[in-house]
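Numbering (numbering that gives the first Met the number 0), first residue to last: 0 to 213.
Even glycine gets a Cβ: it sits at the ideal position worked out from N, Cα and C.
It should be emphasised that the depicted structure is a prediction, and the values quoted were computed from it without experimental measurement.
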Amino acid sequence: MNILIADKFPERGIKKIESLGCCITYKQDLKDEALLKELKNNSYEILIVRSTKVTSKMVESSPLISLIIRAGSGYNNIDVESASRHSIYVANCPGKNSIAVAELAMGLILSVDRRIPDNVIELRKGHWNKKEFSKARGIFGRTLGVIGTGRIGREVIYRAQSFGIRIVAWSRSLTPLVAEELGVEYEKSPEDVAKKSDIVTIHLALTPETKGII
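Given below as structure tokens:
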């Protein structure tokens with residue numbers, strides 16, 4: 000099985016795939032026309048990407064491709080419609096990076112409240128303005144609105160609860176019963192979440208239904 004990995008990929012993952020008897024070509028910087036040319040001129044059967052865009056031209060360029068894998072939770076960078084027309088499967092890895100994204104979300108929330116980016120900029124200029132950057136309100140006792148309670152949203156909820164934050168949430172699949180189990184307050188719409196929140200974090204898959212929802 001000939002596989003092209005056209006994006007940054009962990010070495011341990013490559014070794015794991017090779018242990019299955021697959022032949023790996025690893026070219027992490029292939030983009031746009033370079034990727035199109037690579038697919039046209041070689042006999043790859045599987046294409047693995049992360050954030051690299053896979054267009055309809057790329058899908059059509061290699062008749063042997065039978066599977067395109069997004070090494071991540073979403074798949075909006077792949078032309079799924081074109082792949083379907085050519086009987087090519089598209090797979091993703093939901094939940095694979097949910098903890099990392101949740102940790103990043105909490106880090107961003109804290110950095111905004113504590114004005115960490117501004118503080119760092121001033122510090123690099125040689126200024127230590129303790130009085131100015133000690134004015135943060137803090138997030139304890141405040142209300143966090145979570146829009147989207149899939150894997151990432153739930154990981155954010157678990158972490159936010161440890162900060163003593165009240166959480167209100169909405170998701171297309173969230174019910175009052177599930178909200179109770181998660182320890183959050185159920186809201187009927189994103190607008191209702193926004194009205195009650197000091198901070199809003201959004202964790203929705205990009206689909207025609209969710210595009211532009213905020």
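Assigned exposure category for G211 - 16 Cβ within 10 Å defines buried:
Residue 211 sits at position 212 when you count from the first residue of the sequence shown. With fewer than 16 other Cβ atoms within 10 Å, it is exposed.
Please name the residue in V155, E121, Y74 and S55 whose C-alpha comes closest to that of A99.
Locating residue 99 in the sequence shown gives position 100, where the first residue counts as 1. Of V155, E121, Y74 and S55, the residue nearest in Cα terms is V155.
To the nearest angstrom, report how far apart I146 and M105 are at their CA atoms.
Within the sequence shown, residue 146 is the residue found at index 147, counting from 1. Within the sequence shown, residue 105 is the residue found at index 106, counting from 1. Computed Cα separation, rounded: 14 Å.
Whole beta strand (DSSP E) runs in the stretch 18–99 with 3 or more residues, listed along the chain?
22–25, 45–48, 66–69 and 88–90
Using only the alpha-carbon positions, how far apart do G137 and A70 sit?
On the sequence shown, residue 137 is found 138 positions in, with the first residue counted as 1. On the sequence shown, residue 70 is found 71 positions in, with the first residue counted as 1. Cα-Cα distance, rounded: 36 Å.
If you compare alpha carbons, which of L3, P207, E10 and D28 is closest to C21?
Within the sequence shown, the letter at position 22 stands for residue 21. Answer by Cα proximity: L3.
Exposed unless 16 or more other CB atoms sit within 10 angstroms - verdict on S188:
The residue labelled residue 188 in the question sits at position 189 within the sequence shown. That one is exposed.
Between the stretch 76–85 and the stretch 55–66, are three or more C-beta pairs nearer than 8 Å?
yes
State the Cα-Cα distance for the pair R165 and V183, rounded to the nearest angstrom.
Along the sequence shown, one-based indexing puts residue 165 at 166. Along the sequence shown, one-based indexing puts residue 183 at 184. Approximately 7 Å, taken between the alpha carbons.
Could you name the residues that DSSP lists as bridge partners for T148?
Numbered from 1 along the sequence shown, position 149 holds the residue referred to as residue 148. Answer is none; T148 lacks a bridge partner.
According to the neighbour-count rule (16 or more other Cβ atoms, all chains shown, within 10 Å of its Cβ), is H202 buried or exposed?
In the sequence shown, counting from the first residue as 1, residue 202 sits at position 203. By the neighbour-count rule (16 or more Cβ atoms within 10 Å), H202 is buried.
Given a cut-off of 8 Å on the beta-carbon distance, is the pair G144 and V167 in contact?
In the sequence shown, the residue the question calls residue 144 occupies position 145. In the sequence shown, the residue the question calls residue 167 occupies position 168. Their beta carbons are under 8 Å apart, which means G144 touches V167 by this criterion.
Distance between beta carbons of E186 and W169, contact taken as under 8 Å
For the purposes of this step, residue 169 is taken as the residue at position 170 of the sequence shown. For the purposes of this step, residue 186 is taken as the residue at position 187 of the sequence shown. About 5 Å separates the two Cβ atoms, so the contact holds.
How big is the Cα-Cα spacing for L109 and L19?
Here the question's residue 109 lines up with position 110 in the sequence shown. Here the question's residue 19 lines up with position 20 in the sequence shown. Approximately 43 Å between the Cα atoms of the pair.
DSSP three-state call for L122: helix, strand or coil?
By one-based count along the sequence shown, residue 122 stands at place 123. L122 falls in the helix class under three-state DSSP.
Helix or strand or just coil, what does DSSP make of I2?
On the sequence shown, residue 2 is found 3 positions in, with the first residue counted as 1. Of the three classes helix, strand and coil, the one that applies to I2 here is strand, per DSSP.
V183 - DSSP class collapsed to helix/strand/coil
The count along the sequence shown starts at 1 and reaches residue 183 at position 184. Coil, per DSSP.
Quick one, are the C-beta atoms of D6 and V53 less than 8 Å apart?
Here residue 6 refers to the residue found at position 7 when the sequence shown is read from its first residue. Here residue 53 refers to the residue found at position 54 when the sequence shown is read from its first residue. For D6 and V53, no; Cβs fall outside 8 Å.
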